[in-house]
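Enquirer:
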Amino acid sequence: MSHVLVNVAWPYANGPRHIGHVAGFGVPSDVYARYERMKGNDVLMVSGTDEHGTPILVEADKEGVSAQELANRYNRVIAKDLCDLGLSYDLFTRTTTGNHEQVVQELFKQCLANGYIYKGTQKVAISPSTGRTLPDRYIEGTCPICGADGARGDQCDACGNELDPDELINPVSKINGETPRFEETEHFFLDLPALAEANLAWLKTREGWRTNVINFSIGLFKEVKPRAITRDIDWGIPVPVAGWIDNPNKKLYVWFDAVIGYLSASIEWARRKGDPEAWRAWWNDPETPGYYFMGKDNITFHSQIWPSEMLGYNGQGSKGGETGKLGPLNMPEQVVASEFMTMEGKKFSSSRGIVIYVKDILARYPVDAVRYYISVAGPESSDSDFTWAEFVRHNNEELAASWGNLVNRVANLMNKNFGEIPALDENEMTDEDRALLSETKAAFDTVGSLIENHRQKNALSEAMRVVGDINKYISATEPWKIKDNPARLGTVLHVAAQAVSDANHLLAPFLPHSAQKVWEALGGTGTFSPLPRLEEVEDLDKPGFMYPIITGDYKLGETVHPWASEPIVAGTAVPKPHPIFAKMPPEAVAEELTRFDTELAARKKAEAERFAAAQAELKQCPQEGRG
Numbered sequence: 020m021s022h023v024l025v026n027v028a029w030p031y032a033n034g035p036r037h038i039g040h041v042a043g044f045g046v047p048s049d050v051y052a053r054y055e056r057m058k059g060n061d062v063l064m065v066s067g068t069d070e071h072g073t074p075i076l077v078e079a080d081k082e083g084v085s086a087q088e089l090a091n092r093y094n095r096v097i098a099k100d101l102c103d104l105g106l107s108y109d110l111f112t113r114t115t116t117g118n119h120e121q122v123v124q125e126l127f128k129q130c131l132a133n134g135y136i137y138k139g140t141q142k143v144a145i146s147p148s149t150g151r152t153l154p155d156r157y158i159e160g161t162c163p164i165c166g167a168d169g170a171r172g173d174q175c176d177a178c179g180n181e182l183d184p185d186e187l188i189n190p191v192s193k194i195n196g197e198t199p200r201f202e203e204t205e206h207f208f209l210d211l212p213a214l215a216e217a218n219l220a221w222l223k224t225r226e227g228w229r230t231n232v233i234n235f236s237i238g239l240f241k242e243v244k245p246r247a248i249t250r251d252i253d254w255g256i257p258v259p260v261a262g263w264i265d266n267p268n269k270k271l272y273v274w275f276d277a278v279i280g281y282l283s284a285s286i287e288w289a290r291r292k293g294d295p296e297a298w299r300a301w302w303n304d305p306e307t308p309g310y311y312f313m314g315k316d317n318i319t320f321h322s323q324i325w326p327s328e329m330l331g332y333n334g335q336g337s338k339g340g341e342t343g344k345l346g347p348l349n350m351p352e353q354v355v356a357s358e359f360m361t362m363e364g365k366k367f368s369s370s371r372g373i374v375i376y377v378k379d380i381l382a383r384y385p386v387d388a389v390r391y392y393i394s395v396a397g398p399e400s401s402d403s404d405f406t407w408a409e410f411v412r413h414n415n416e417e418l419a420a421s422w423g424n425l426v427n428r429v430a431n432l433m434n435k436n437f438g439e440i441p442a443l444d445e446n447e448m449t450d451e452d453r454a455l456l457s458e459t460k461a462a463f464d465t466v467g468s469l470i471e472n473h474r475q476k477n478a479l480s481e482a483m484r485v486v487g488d489i490n491k492y493i494s495a496t497e498p499w500k501i502k503d504n505p506a507r508l509g510t511v512l513h514v515a516a517q518a519v520s521d522a523n524h525l526l527a528p529f530l531p532h533s534a535q536k537v538w539e540a541l542g543g544t545g546t547f548s549p550l551p552r553l554e555e556v557e558d559l560d561k562p563g564f565m566y567p568i569i570t571g572d573y574k575l576g577e578t579v580h581p582w583a584s585e586p587i588v589a590g591t592a593v594p595k596p597h598p599i600f601a602k603m604p605p606e607a608v609a610e611e612l613t614r615f616d617t618e619l620a621a622r623k624k625a626e627a628e629r630f631a632a633a634q635a636e637l638k639q640c641p642q643e644g645r646g
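Encoded structure:
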């Protein structure tokens, strides 16, 4: 058994997550983790809600609540949505835990001691009307590198380059349209140039990465400069330095602390299971691979920022240094980044109201229909477009008509003719029977290899090709015509049932909810495909601080079935089947498009009204907050 670390990008807790988000980080990571567990590997899959940073403060101000209250609300919303989607985390936690604060401060102190963090000054954006620091993401202007409009103060989505707010041409606040002023303040910086040589050398050893990801990652090192890792805000992790630790207006910034969450979540998981050092098997053993799943807008943080933090902690940059008490931390095996998913040709954007929230689509449609469409049409290596017409088509033609109908036909024929899985009569076996079973067994290597290499769309297509061939076998053998030959009928249905069982194993990482139903339709009992659960827990270090976690029981041989053909057992009772997938009405497409247009118009109107009110307030009190 090998250890495999699956690190999943941390959704930001300033609102519910949409389909574009989970197409990048959610479903692909879960498919991979489930597959590796079925292979017999010891998987640790971790993530949580990212809860610091000024965008949380801005949204909290809008709603008239504290930052912690806002984070608490959306932590619960997001955790429930991801659990409902079936994402099989070992631990999904949050960044406002006492444990996370301790781990972040440990990394900061060791990087500081090794010389990779230093003190300097930087221009920060200030709101002239309020005197508060503006979030980098809430400043927009023209990109100084590629000239695109709408670049943010932290990154340009058009060219992918990191930015600082003062670099933007004609910067304005998204909050109220005012032009920010820039002031020099003292901050701590991560010395990325001192870590760049080691970081780039590591990148150049990577094999099997998606071409777009590795090329973009290497391109980040054409020009490297230090990055400030503190901000003038009162919401975040205290800076563990004398004279700073008690300063309520100086905190570590969100992008420095959030990526450390992979490590802190692993440590929290170990502490919660009563074995505080268990996490080390996934982080200190150089033979343990770590896979990071995200959308492409997060590549920078996972191929440059987080590796640099680990190199600094390990003392492996140009300044040398000592490894901290957490031991030498493993660099990522692979950054598995997906491209963007659009919505009916428009880029998903919560701020612009172009969204399909996870909770909304799961309230109206079966969860595995959503997972299937994300898997078959997701933005794996190029941008893809979510359309309601294609969502309905894939469900109706593939899940319902091909896979669901196959399961029902085979289960119904066994139930009606035998009431159980019939015996296989070797004397009745034909070359056609043997060819099908040979094909379904061979598919484990083919489909598995594709998942292993993060080509999940191809893997799912190959699994569904096998489903198509089983359907062809049923049509060719016509079991309904050989009822007068029980031995041959039993053999055909046994072969068909074995092939269906094999296909169910192949599809289980993609369709865990329906995989359980297929298992039961063939007479199976117990758990075939384990699902995660929400648990209410108390913070390990902050008494009284309660929050939900996602966890689960995923054990090969108990709740997880193997990535292999498991022989079905003749004589197993087969119940009368019930449909596993239902067709969606064609009119659902028009209904969803109308709903989207209505909701988008309402969101745009509300935002326009909010922005106008903010501008009106600005004109009434032009001097407030200045000084």
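Those letters in the sequence shown? Residues 20 to 646, by this note's numbering. Glycine residues also receive a C-beta, built at the ideal position from the N, C-alpha and C atoms. The structure presented is a predicted model; accordingly, all values stated were derived computationally and were not measured.
If you run the structure through DSSP and keep just helix, strand and coil, what is E203?
Expert: As a first step, residue 203 must be located in the sequence shown, where it is residue number 184. Strand.
Enquirer: At what residues does the alpha helix (DSSP H) containing Q323 begin and finish?
Expert: Translated into the one-based positions of the sequence shown, residue 323 becomes position 304. Note, Q323: premise wrong, no alpha helix (DSSP H); not H, not E.
Enquirer: Report all residues from its chain with a CB closer than 6 Å to the CB of S548; omit the five preceding and five following residues, and keep chain order.
Expert: As a first step, residue 548 is located in the sequence shown; it is residue number 529 there, counting from the start. Answer for S548: A527, P531, A534, Q535, listed in chain order.
Enquirer: Strictly under 8 Å for the Cβ-Cβ distance: is N414 near chain B by that measure?
Expert: Here there is only one protein chain, and chain B is not present.
Enquirer: Evaluate Q353 with the Cβ neighbour count: other Cβ atoms within 10 Å of its Cβ, from every protein chain shown; 16 or more gives buried, anything less gives exposed.
Expert: In the sequence shown, the residue the question calls residue 353 occupies position 334. Buried.
Enquirer: Give me, in chain order, the residues of the same chain whose beta-carbon lies closer than 8 Å to that of E409; leave out the 5 immediate sequence neighbours on both sides.
Expert: Taking the sequence shown and counting its residues from 1, the one referred to as residue 409 is at position 390. Counting only Cβ-Cβ distances below 8 Å, and skipping sequence neighbours, we find Y392, A396.
Enquirer: Can you name the start and end residues of the beta strand (DSSP E) that V260 belongs to?
Expert: Locating residue 260 in the sequence shown gives position 241, where the first residue counts as 1. Per DSSP, V260 belongs to no beta strand (DSSP E) and is neither H nor E.
Enquirer: Tell me which residues share the same chain as V77 and place their Cβ nearer than 7 Å to its Cβ, disregarding the 5 neighbours each side in the sequence.
Expert: Residue mapping note: residue 77 aligns to position 58 of the sequence shown, counting from 1. So the qualifying residues of the chain are P154, Y157, I194.
Enquirer: Can you name, in chain order, every residue of its own chain whose Cβ lies under 7 Å from the Cβ of V466, other than the five neighbours on each side?
Expert: What you label residue 466 is simply residue 447 of the sequence shown in a count that begins at 1. So the list reads A478, E481, A482, L525, once near-sequence residues are dropped.
Enquirer: Relative to the alpha-carbon of T389, which residue among A28, V41, K344 has its alpha-carbon at the smallest distance?
Expert: By 1-based counting over the sequence shown, the position of residue 389 is 370. With the sequence shown as reference, residue 389 is identified as Val, and Thr is not the correct amino acid for it. Of the candidates A28, V41, K344, the one whose C-alpha sits nearest the C-alpha of V389 is V41.
Enquirer: Nearest-angstrom Cα distance between A284 and G67?
Expert: As a first step, residue 284 is located in the sequence shown; it is residue number 265 there, counting from the start. As a first step, residue 67 is located in the sequence shown; it is residue number 48 there, counting from the start. Near 8 Å, if we compare the C-alpha coordinates of G67 and A284.
Enquirer: Quick one: residues in its chain with C-beta nearer than 8 Å to the C-beta of Q639, no 5 flanking neighbours on either side, listed in chain order?
Expert: Numbered from its first residue, the sequence shown carries residue 639 at position 620. So the list is empty, once near-sequence residues are dropped.
Enquirer: In this structure, does DSSP put G487 in helix, strand or coil?
Expert: Position 468 of the sequence shown, counting from 1, holds the residue named residue 487. Helix.
Enquirer: Less than 8 Å separating the beta-carbons of N91 and Y311?
Expert: By one-based count along the sequence shown, residue 91 stands at place 72. By one-based count along the sequence shown, residue 311 stands at place 292. In this structure, Y311 does not lie closer than 8 Å to N91 by Cβ.
Enquirer: Can you tell me the Cβ-Cβ gap for L106 and G45, rounded? I've got them flagged as a contact below 8 Å.
Expert: Position 87 of the sequence shown, counted from the first residue, corresponds to residue 106. Position 26 of the sequence shown, counted from the first residue, corresponds to residue 45. Right, the Cβ-Cβ distance comes to about 6 Å (below 8 Å), so this counts as a contact.
Enquirer: Tell me M360's beta-bridge partners as DSSP assigns them.
Expert: Translated into the one-based positions of the sequence shown, residue 360 becomes position 341. Paired residue(s): S403.
Enquirer: CB P47 to CB V374, shorter than 8 Å?
Expert: In the sequence shown, counting from the first residue as 1, residue 47 sits at position 28. In the sequence shown, counting from the first residue as 1, residue 374 sits at position 355. No, they are not a contact pair.
Enquirer: Quick one: any contact between the region 214-223 and the region 234-247, if contact means 3 or more CB pairs under 8 Å?
Expert: Verdict: yes, contact present.
Enquirer: Rounded to the nearest angstrom, what separates A631 and T198 at their Cα positions?
Expert: The residue given as residue 631 occupies position 612 in the sequence shown. The residue given as residue 198 occupies position 179 in the sequence shown. So the alpha carbons of these two residues sit roughly 16 Å apart.
Enquirer: Given G227, which residues of its chain have a CB within under 7 Å of its CB, disregarding the five upstream and five downstream residues?
Expert: Mapped onto the sequence shown, residue 227 falls at position 208. Closer than 7 Å at the Cβ level, and outside the excluded window around G227, lie Q353, N472.
Enquirer: Check whether the region 571-589 touches the region 49-64, taking contact to mean three or more Cβ pairs, one atom from each stretch, closer than 8 Å.
Expert: The region 571-589 vs the region 49-64: in contact.
Enquirer: Identify whether H37 lies in helix, strand or coil by the three-state DSSP scheme.
Expert: Within the sequence shown, the letter at position 18 stands for residue 37. H37: strand per DSSP, three-state reduction.
Enquirer: Ignoring anything shorter than 4 residues or poking outside the region 187-242, list the alpha helix (DSSP H) runs there in chain order.
Expert: Correct list: 211-222, 230-238.
Enquirer: Apart from the five residues just before and just after Y31, which ones in its own chain have a Cβ nearer than 6 Å to its Cβ?
Expert: In the sequence shown, counting from the first residue as 1, residue 31 sits at position 12. These residues qualify, in order along the chain: D69.
Enquirer: Quick one: give me the first and last residue of the beta strand (DSSP E) that G309 is part of.
Expert: Residue numbering aside, residue 309 sits at position 290 when the sequence shown is read from its first letter. Taken as a continuous stretch (DSSP letters only), the beta strand (DSSP E) holding G309 covers 309-314.
Enquirer: Which partner residues does K365 have in the DSSP bridge list?
Expert: Residue 365 sits at position 346 when you count from the first residue of the sequence shown. Bridge partners of K365: M362.
Enquirer: The alpha helix (DSSP H) spanning L637 covers which residue range?
Expert: The residue given as residue 637 occupies position 618 in the sequence shown. Per DSSP, L637 belongs to the alpha helix (DSSP H) from 606-639.
Enquirer: On the CB-based measure, 16 or more other CB atoms within 10 Å of its CB, does N189 come out buried or exposed?
Expert: For the purposes of this step, residue 189 is taken as residue 170 along the sequence shown, with counting starting at 1. Looking at its Cβ environment, which holds fewer than 16 other Cβ atoms inside 10 Å, N189 is exposed.
Enquirer: Report the partner residues of F463 according to the DSSP bridge assignment.
Expert: Residue mapping note: residue 463 aligns to position 444 of the sequence shown, counting from 1. Its beta-bridge partners do not exist; DSSP assigns none.
Enquirer: In three-state DSSP terms, what is A144?
Expert: If you number the sequence shown from 1, residue 144 lands on position 125. If DSSP states are grouped into helix, strand and coil, A144 belongs with the strands.
Enquirer: Does DSSP classify I375 as helix, strand or coil?
Expert: As a first step, residue 375 is located in the sequence shown; it is residue number 356 there, counting from the start. In this structure, I375 counts as coil in the three-state DSSP scheme.
Enquirer: Using the DSSP secondary-structure output, state which residues sit across from G160 in a beta bridge.
Expert: Residue mapping note: residue 160 aligns to position 141 of the sequence shown, counting from 1. G160 is bridged to A170.
Enquirer: Is T116 buried or exposed, if buried means 16 or more other CB atoms sit within 10 Å of its CB?
Expert: As a first step, residue 116 must be located in the sequence shown, where it is residue number 97. With 16 or more Cβ atoms within 10 Å of its Cβ, T116 is classed as buried.
Enquirer: Starting from the Cα of G196, find the closest Cα among P147, F615, L211 and give me that residue.
Expert: Sequence index remark: in the sequence shown, residue 196 carries index 177 (1-based). It is P147.
Enquirer: Could you give the C-beta distance for A518 and L455, rounded to a whole number, given that I count them as a contact under 8 Å?
Expert: The residue given as residue 518 occupies position 499 in the sequence shown. The residue given as residue 455 occupies position 436 in the sequence shown. At roughly 5 Å, the Cβ-Cβ gap stays under 8 Å, so A518 and L455 are in contact.
Enquirer: According to DSSP, is A430 helix, strand or coil?
Expert: Locating residue 430 in the sequence shown gives position 411, where the first residue counts as 1. Helix, per DSSP.
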